[in-house]
Amino acid sequence: MDRELSFIWDPRKEFLNIYKHRVNFVSATKVFNDQERKICTDTKHSDNEERFFCAGKVDGKVLTVRFAYRCDKIRIIGAGYWRKGVRLYEEA
1006 MDRELSFIWD PRKEFLNIYK HRVNFVSATK VFNDQERKIC TDTKHSDNEE RFFCAGKVDG
1066 KVLTVRFAYR CDKIRIIGAG YWRKGVRLYE EA
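Numbering (our numbering), first residue to last: 1006 to 1097.
As structure tokens, then:
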């Protein structure tokens, strides 16, 4: 990437994400290193802030991260190995 990215997240959300999807948010940040990553708008999960999906390969598998921009940082909301992310990654 051209510039250093900065990430934030809620530790409680990360704990729940690890429990539900077996992905910690430090690993989720790696999706943004994939030069072939795909980003699209997430219209279903929030009415009060603009959210996005980023799908990219981490350790050879497509990982999808749900995120928002907050104060020039990427706020990670959730991450997992979801079929929707694989479709997004392969279609675009």
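Here a beta-carbon is modelled for each residue, glycine too, at the ideal position from N, C-alpha and C.
Backbone CA spacing between residue i and residue j [nearest angstrom]
i       : j       : result
GLY1090 : LEU1068 : 7 angstroms
ALA1073 : ASP1052 : 12 angstroms
ALA1084 : GLU1095 : 18 angstroms
LYS1035 : ASP1077 : 18 angstroms
GLU1009 : LYS1049 : 29 angstroms
PHE1012 : ARG1088 : 24 angstroms
ASP1015 : GLY1061 : 22 angstroms
ARG1042 : CYS1059 : 7 angstroms
ASN1022 : ILE1082 : 9 angstroms
Three-way DSSP call (helix, strand, coil) for residue i in this model
i       : result
THR1034 : helix
LEU1021 : helix
LYS1089 : helix
GLN1040 : coil
Exposure label - residue i; buried when at least 16 CB within 10 Å
i       : result
THR1046 : exposed
GLY1065 : exposed
LEU1093 : buried
LYS1025 : exposed
ARG1038 : Contrary to the premise, residue 1038 reads as Asn rather than Arg in this sequence. The residue in question, ASN1038, is exposed, as its Cβ has fewer than 16 Cβ neighbours within 10 Å.
VAL1070 : buried
ARG1027 : exposed
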